[in-house]
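Report on the following structure.
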Amino acid sequence: MKLNKYFERSLWVFHLNTGSCNGCDIEIVAGLTPRYDLERFGIKLVGSPKHADVLLVTGPVTSKMLDRVKRVYEQTPDPKAVIVVGACGTSGGVFYNSYNISGSVDKVIPVDVYVPGCPPRPEAIINGVLQAWIKLENLRESMKTAQAK
Amino acid sequence: MSLSNHIPILIIAIPLLAAFLVPLINRINKKAAGILTALALSVSLILTIALAVKILTVGPQVYVFGAASPSLTLPSGLKFPIRIMLQIDAMSIFMGLITAVVSFLGAIYSLSFTKQYDGVDKYYSLLLLLTVGMFGMEFTGDIFNFFVFLEIASIASVALISFRGIDFGEPAEAGFKYMIVSSISALMVLFAIGIFYGQYDLLNFAALASVIKYSQLDKIALGLLIPVLAMKAGAVPMHMWTPDAYSEAPAPITMILVAASQASLYALFRVVFSLYNISLNALTVGWIIIVFGLLSMFIGVTMAIVQKDIKRLMAYHAVSQTGYMFLGVGVGLAVLANPEALKNYGITAMEGGIFHIMNHAMYKGLLFLTAGALFFRTGTRDLNKMGGLAHYMKYTTIFFIIGAAAIAGLPPFNGFASKLLIYESVYRFNPLLSIMAMVVSILTLASFVKVFHSAFLGPKLPQFKEVKETPRSMLFAMAVLSCIIIFFGLFPDLIVKNLVHPAVMSLIEQLQYTGTVLGGM
Amino acid sequence: MEYMTPEKIVELFKEKFNGSIINSKIEIKTAGLKKNNYSLIWIEIEVKDFKEAVNLLCTIQFPHFSIISDNDIGEEIKLTYHFSLYYGEKSQEISLNLATSLPKNNLKILSITDLIPGAQISEREIKEMLGVTIEGLPDLSNIFLPKDFPKDVYPLRKDETGAVKMVNKEEEVKKVE
Amino acid sequence: MNKKTYSIPIGPVHPSLKEPMTFNFEIYGERIEKVNLAPGDNHRGIEFMGRQRNPIQIIYLAERICGICSAAHPFAFCQAVENAAGIEVPERAQYIRVIIAELERIHSHILWAGVAAHELGFDSVLYLSWRAREEVLDLLEYLTGNRINYGIFMIGGVRRDISEEQLPRIRETLEYYKDIYGKIEDIFLNDPTIAFRTKNVGVLTKEDALHLCAVGPTTRASGIKKDVRQDQPYSAYADLNVEAITPDVFSGEVNGDVYDRIIVRLLELVQSIQIIEQCLDNMPSGEIIAEKKLVKLLNQLKKAKGEGVGRVEAPRGECIHYVKLNESELPEVWKARAPTYNNLMTWVPMLIDQQIADIPIVIASIDPCIACMDRVTILNKNNGQKSMLTKKDLHELSVQKTRRITP
Amino acid sequence: MTSISLFEILVKIIGAIVIAFLGVVIGLFYKGIDRKLAARMQARVGPPIRQPFMDFFKLMIKENIVPQNAVPWIFNGAPIMALVSSITILLYLPVGNISPLLSGYGDIVLIIYLLTLPAIGMVVGGFASGSPYASVGAQREMVMMMSYELPLVTVVVAFGWKLSQVYPHLNIFSLTVINAHPIWELVGPLGFIGAILLFITLAAVTPGELSKVPFDAPEAETELAGGILVEYSGRNLALFGLADAVKIIVMTSLTVALFFPYNISHLLALSGAFALIVDTLFFLVKIFLVMFVEVTFIRVAVARLKIDQVSFAYWVPVSIIGFLGLMLIVLDTIIV
Amino acid sequence: MATPMGFELLKQLFKKPATNVFPVTYYPDSILKLLEKVEKGEAKIHPPVEIPKNFRGKIVYDRDKCIGCKLCIKVCPSEAIEFIPDKKKIKIYLDHCIFCSQCNDICPVKCLNMSEEFLLADTDRLSSKLIVE
Ligand code: SF4
Ligand code: SF4
Ligand code: SF4
Ligand code: SF4
Ligand code: SF4
Ligand code: SF4
Ligand code: SF4
Ligand code: SF4
């Protein structure tokens with residue numbers, strides 16, 4: 001996997017709803033609109049997982065979405081990050097004890113950043129992105145030092 | 001008296017001889033028929049090139065049968081030529097080159113392609129005869145001989161079109177259609193010949209041209225010849241035979257048929273320019289030809305877009321491309337009487353039209369060959385049934401792309417070179433004409449992208465698991481055409497200056513044509 | 001339009017299906033400061049006359065159909081069809097809740113989609129979630145069940161065929177590291 | 001060319017669907033020949049979960065049936081429980097409920113307008129209208145403590161009062177919307193490209209709307225005056241004059257196309273503002289909840305027995321909850337039905353014979369809430385014959401139907 | 001063909017590389033401006049102007065996935081073809097005072113043809129992807145291409161015809177010549193109106209040529225998930241991005257060359273290198289203004305049209321405007 | 001385009017954007033260095049949109065006051081609260097919490113409160129930041 005500093009500056013996001021209540025989804029969209037404007041950071045919503053760098057996942061994983069989540073994750077080219085937005089994606093939130101929910105997203109695909117909240121404010125989502133930046137920059141630093149050795 | 005003086009007749013004689021030898025040889029060795037044909041045609045090709053070099057450097061050449069010297073045109077005492085003579089100027093040799101190249105490559109391609117057929121000896125004989133007919137039409141200086149060669153070519157064509165046998169309904173039907181078309185045209189041509197002979201007692205082109213008076217009868221003759229030859233050339237609205245004939249004939253034959261239809265086109269130009277020239281009302285006839293051209297362009301391409309049989313589709317494109325030739329030459333003719341305009345753009349337009357003849361023969365030949373290759377491997381011509389073939393037939397795909405790009409007039413392929421000449425001259429005659437020409441080009445492009453998509457792209461289909469690349473001889477033929485296409489596309493100036501321009505001039509300058517024959521009469 | 005009072009409607013039903021009306025009641029609810037009232041009708045009817053009752057309803061006005069609610073009460077499954085009548089004008093609407101009970105050994109009811117096409121999804125839901133056979137549903141293919149959903153599980157049943165056994169129990173609070 | 005149709009699956013993950021839902025379209029060229037709906041991707045089994053929780057917990061579950069209408073479901077649920085248990089809601093609470101519900105309608109309709117514009121590729125409108133929407137979200141956050149999923153409903157009343165000092169802020173926001181409304185209307189109804197894409201697209205006839213039991217703006221745009229707030233006024237609506245809005249109010253005619261649905265929603269925006277103003281003017285003082293002590297409330301519900309229906313006109317149409325209490329901690333039955341559930345089938349007549357390019361806007365035009373619609377249904381495309389009713393079937397059904405009702 | 005010295009060829013090659021590089025850089029830069037301006041009109045801060053560069057560098061390190069159904073060499077070749085052909089057009093375009101690297105007989109026709117090539121690259125790439133979305137997108141792109149070509153050709157032919165009437169002996173079908181003889185100076189009042197109509201036509205063709213709203217049906221994000229490009233990722237997507245950026249420069253420069261070829265250096269009485277710089281800067285300003293009008297503003301101010309509406313728009317109203325322009329110019333010439 | 005939208009957009013071009021540039025306007029050169037600087041007070045983070053008074057943010061738990069009555073657990077809709085029997089105290093997992101504040105309401109001794117903190121994103125959902133004890 002290659003990483004460069006441009007990666008963080010141009011995160012293209014694919015939004016994946018795995019059974020959420022929509023609350024988080026509209027807050028994500030709100031994050032793109034003028035008040036918050038995620039595009040300032042080069043973040044852009046794309047329509048195909050093939051174009052994505054980041055998967056923004058919302059919602060508990062319903063049985064029917066289980067395979068989809070995995071497939072979309074596989075279709076996303078490396079390097080990639082996964083950010084889970086909202087309580088129900090992070091842990092299930094209010095959705096538990098159901099026959100048709102397989103639980104939090106991290107049971108299905110590896111997750112890099114969690115954004116708790118139900119729904120989190122758009123700023124909290126931006127903060128989630130910030131956590132992802134920090135993680136990526138740390139990763140890059142460590143890759144650099146590893147290479148130096 | 002060197003052998004080189006006899007080249008013209010050798011070009012015709014060698015294939016003719018081979019045509020009779022093929023059935024004999026076939027008795028001895030099955031493979032030999034094809035090889036003999038290829039050999040004979042390669043000799044013809046070499047001779048044609050040699051002849052071309054000579055004509056382009058020295059000037060038009062005349063060959064007279066049975067005279068003391070082959071170049072002796074006027075037998076002692078007579079003021080006009082009566083002997084059978086071949087009369088080859090830059091235009092004829094230009095066409096001759098096309099014929100030679102196409103038929104040679106057709107023969108090579110056939111080496112592998114005919115494996116699926118029985119009775120290859122007949123196939124090759126007919127192929128050779130067709131070639132003979134075409135050479136004859138292009139080289140002859142005598143209107144009756146023209147008729148004879150036309151018949152030879154037609155009969156060979158009919159047989160070849162229906163070659164795939166009576167048991168297939170369509171080939172027979174297509175052959176039958178072509179036969180009707182041919183016989184009607186033959187009849188008309190004969191009738192026109194009758195008119196000329198009755199009036200002037202002459203059959204020689206040049207001699208006729210020098211005495212033609214543009215009488216009422218001459219007009220009738222012209223009225224007979226133009227539509228009939230346009231029909232043989234496959235122009236709208238007499239194009240109905242082409243889709244059937246082109247799609248049912250075996251692929252290499254289709255390629256040669258394209259050239260054969262151009263031989264008729266050549267004849268048309270010959271009649272209009274060399275026979276009538278200034279004596280006719282150039283503007284009117286020019287416009288008639290332009291309208292033929294526009295109609296062919298549009299109807300051809302729109303019909304093509306909806307086809308699902310790959311060869312039919314290409315056939316309609318052939319109709320459409322013929323339109324470009326008409327357009328270019330038509331504009332040239334329309335301004336023939338206006339030296340200023342002729343110089344400014346008329347000549348360029350004609351160069352475009354004539355150059356397009358050669359280019360069309362090359363890329364359309366290539367396209368038909370690729371279609372043949374697809375048919376050879378998949379057994380179908382239905383585009384809806386094909387798909388994903390680029391996975392298996394890489395080279396064929398590349399050749400197809402080259403052919404398609406050329407026919408759509410994309411740079412840097414030859415189609416662009418000739419279309420450019422047409423656009424940039426025709427618009428000065430009438431801007432709408434070149435707008436239409438360009439739009440048709442784009443439609444052509446779209447149509448071929450569609451074909452490309454349905455035949456070559458998409459997932460691998462299970463029924464084509466066994467499909468392999470085409471055999472080598474077929475690839476060779478396609479490769480040669482591709483090289484020619486690219487070469488012409490990269491160095492159009494070279495070709496235009498050395499081949500096309502002289503051809504155009506020989507059409508325009510009627511006097512020179514008659515002069516070579518009649519010796520400054 | 002002439003509006004029937006809720007009492008009249010109940011009477012109409014009683015007239016027509018006297019024997020099979022199990023019980024019926026009219027509820028008056030109020031709201032707001034002005035205490036405007038609106039009424040709900042609850043009718044429970046035997047299965048055999050259920051379809052006819054819907055038909056009768058349709059002769060009053062084409063009803064708005066909302067949903068079928070279900071209740072698994074041991075030996076029977078009670079289905080309540082929620083309709084409303086006289087919508088379109090202020091405060092005139094009457095909610096009509098038509099209930100019927102199906103014994104578990106004969107879970108069958110006639111489809112009403114021929115009368116009210118909009119009921120299709122709800123009927124399918126009932127079929128899926130409770131295993132009730134809807135007779136005459138236009139598309140009887142097994143459309144609602146996911147491929148891998150067990151055939152004998154009906155999530156909204158409270159008996160042994162319910163979905164309790166399928167619940168994903170891993171998702172619990174106590175997931176200390 | 002022979003007729004070669006091909007099928008395009010759309011969803012469950014597709015940019016025009018912000019929520020998972022699967023459609024299968026049979027396409028010929030660019031035209032839609034057949035529509036197969038296969039929802040269920042978002043099915044979480046909410047009713048099942050709810051039947052294992054106490055009513056207070058269910059409020060929050062109901063709120064999360066749908067994040068956009070996060071007032072409508074708890075509203076309907078609370079009403080159902082109150083009806084079942086015979087709890088009287090204080091008047092002040094009724095007014096506060098209505099104010100929140102109408103604020104939600106404002107936010108939801110603007111949200112819809114933005115999303116619809118986005119589906120049309122008109123992102124500027126999305127941006128500008130969502131900027132306007134932020135104001136009402138700020139207000140909701142100010143009143144309830146959260147932008148979405150307000151958590152303000154409680155059985156027997158509301159959890160938070162609207163205090164005196166909060167009133168000016170509400171009026172300010174309403175003034176803001178009155179100010180910009182003219183602009184919004186101008187942009188949506190006078191823009192030629194929007195009209196191009198929405199007029200005569202996705203037509204739902206009055207017949208079809210009636211027979212498919214469509215609700216909300218979808219049915220009103222087809223000319224059916226149906227609005228729970230008018231038909232059976234609940235809560236403070238009983239004191240107000242709410243009239244169902246149909247497009248002829250604005251344009252004088254009813255076509256039932258997407259454009260009409262835009263008209264209806266925009267006019268409802270004004271209506272909501274007026275309703276809130278009336279509520280503010282007439283708000284009575286008093287308690288805001290019937291039982292303040294939650295523990296007591298829980299005990300009361302544990303003892304209650306009865307069944308109740310709660311109906312609420314959500315932004316997308318009638319939202320109905322049914323609750324049956326039977327002297328137990330858990331409700332015996334909880335049934336929730338969202339508006340999209342009823343509107344789902346209207347897609348079929350709307351989409352047949354339209355073009356691929358119309359799919360997103362037509363789908364969006366009913367403002368679907370798949371999350372709520374899917375709360376119980378499991379629909380799947382597990383075999384080839386999964387089609388919903390085709391237009392023909394529908395037509396036949398409606399013909400039969402018409403014969404039956406018109407003697 | 002005149003003999004060209006080795007040196008000349010070398011200069012051309014180096015020039016081509018420089019132009020390609022500059023074209024790409026300026027293209028990306030302008031794309032950044034375009035995004036920024038669009039964002040500002042939408043009341044947002046928007047991405048920094050260098051954002052397109054970062055997108056590009058990021059895409060270059062991403063994994064390049066070739067879908068199973070695709071034919072790899074065609075799939076990977078398509079973006080290269082799109083980029084190379086758009087760069088080639090650049091070589092034919094005059095920049096301010098500087099005449100193009102390649103020019104000659106009929107190069108404007110060549111440009112029209114070359115303009116179709118990036119689109120063809122996209123179409124082939126879309127078809128090669130083997131995904132239904134991409135196929136629908138590719139079909140739409142073809143329909144678009146067929147539609148906008150007629151008005152585009154009309155504009156170009158009108159120019160050629162007018163010039164050929166005024167200067168029968170000039171090498172008229174060449175952009176350099178057109179650039180040197182602004183249309184406004186050649187025509188009377190009727191022709192002036194005609195020229196304005198032609199400008200409108202070209203302004204309408206540009207967004208189609210660039211697949212921007214309202215003519216972005218082939219990529220329609222909400223319908224086709226990115227349409228033609230759904231299956232592309234990594235390097236290939238980056239190349240398509242570059243091609244797009246270069247095409248913006250190409251189309252705007254074309255408009256400038258046809259309609260606003262004026263330079264300002266002689267007004268300021270400048271000469272030499274200084275004039276060159278001033279004119280080049282002025283040229284950049286001109287293409288910026290053209291881009292703002294033809295691309296940025298239109299794309300934010302309207303909704304996407306459906307593909308049948310697009311082709312109708314081009315075949316009927318836009319073409320009619322073009323023909324009217326042509327007719328007015330012809331009338332203008334004939335009457336005078 | 002002379003549409004209503006066209007005018008609106010042109011006007012907007014010359015207005016200040018509506019964006020609240022939290023936390024910084026553009027991506028900084030290095031996010032780590034920026035955070036360092038913020039720590040040292042050399043740089044400032046632009047604050048989020050104003051938070052209203054009764055905002056429901058992260059829960060604050062007054063451990064000492066809690067009497068271990070488990071009422072909060074009873075009403076918590078998302079099973080976010082765990083009871084620790086030996087200490088008779090509770091533990092709240094914020095990754096489960098939906099910030100409904102129901103536990104606050106029911107707590108008889110009011111030892112639970114909602115704060116204004118809401119920037120809770122983390123790379124680990126069980127990090128100490130997300131568990132309130
Ligand atoms: S976290 Fe809450 S708001 Fe977000 S999707 Fe889940 S339930 Fe909805
Ligand atoms: S692969 Fe399937 S889920 Fe993914 S974008 Fe394409 S259609 Fe949607
Ligand atoms: S139409 Fe609305 S609800 Fe449906 S996916 Fe699009 S944005 Fe979501
Ligand atoms: S329709 Fe959807 S958004 Fe509206 S209240 Fe119901 S669930 Fe919520
Ligand atoms: S589907 Fe409707 S009710 Fe449900 S969350 Fe979405 S908008 Fe709300
Ligand atoms: S705020 Fe709500 S979800 Fe969070 S711990 Fe308290 S009761 Fe549970
Ligand atoms: S309700 Fe309050 S006192 Fe009781 S356990 Fe919860 S926090 Fe402690
Ligand atoms: S039951 Fe006791 S501890 Fe609980 S609220 Fe009532 S008085 Fe307080």
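Protein chains in written order, with the numbering used here: chain A, 1 to 149; chain L, 1 to 521; chain B, 1 to 177; chain R, 1 to 407; chain D, 1 to 336; chain Y, 1 to 133.
A virtual CB, placed ideally from N, CA and C, is assigned to each residue, including glycine.
Within chain A, the residues that residue i reaches when beta carbons sit closer than 8 Å
i, result
"G45 (chain R)", "S98, Y99, N100, I101"
Residue i and residue j closer than 8 Å at C-beta
i, j, result
"L126 (chain Y)", "K58 (chain Y)", "no"
"I495 (chain L)", "F269 (chain L)", "no"
"L79 (chain B)", "A99 (chain B)", "yes"
is_contact[residue i, chain A] using C-beta, thresh 8 Å
i, result
"D244 (chain D)", "no"
"P63 (chain B)", "no"
Residues that residue i bridges to, as DSSP identifies them
i, result
"V84 (chain A)", "A:V57, A:Y114"
"D309 (chain L)", "L:D382"
"M154 (chain R)", "R:G157"
"E44 (chain B)", "B:N23, B:A99"
Residue-chain proximity (residue i, chain R), Cβ-Cβ < 8 Å
i, result
"P47 (chain D)", "no"
"A119 (chain D)", "no"
"S115 (chain Y)", "no"
Neighbouring residues, chain D, relative to residue i (Cβ below 7 Å)
i, result
"N4 (chain A)", "F57, I61"
Beta-carbon neighbours of residue i, restricted to chain B and to distances below 7 Å
i, result
"A238 (chain R)", "A31, G32, K34, N36"
Amino acids of chain B, ordered along the chain, whose beta-carbon sits closer than 8 Å to that of residue i
i, result
"D231 (chain R)", "S84, Y86, Y87, G88, E89, K90, S91, Q92, E93"
Any C-beta of chain D under 8 Å from that of residue i
i, result
"P17 (chain Y)", "yes"
Interface residues of chain R facing residue i [CB-CB closer than 9 Å]
i, result
"C100 (chain Y)", "I59, Y60, E63, N146, N149, G151"
Below-8 Å beta-carbon distance, residue i vs any chain Y residue
i, result
"M291 (chain D)", "no"
> Which ranges does the alpha helix (DSSP H) cover as unbroken runs of at least 4 residues, wholly within the stretch 81-114 of chain L, from first to last along the chain?
Replying inline: Whole alpha helix (DSSP H) segments, 4+ residues: 90-113.
> Where in the stretch 95-182 of chain R do unbroken runs of the alpha helix (DSSP H), each at least 4 residues long, occur, reported from the N-terminal end onward?
Replying inline: Runs of the alpha helix (DSSP H) lying entirely within the stretch 95-182 of chain R and spanning at least 4 residues, in chain order: 123-144.
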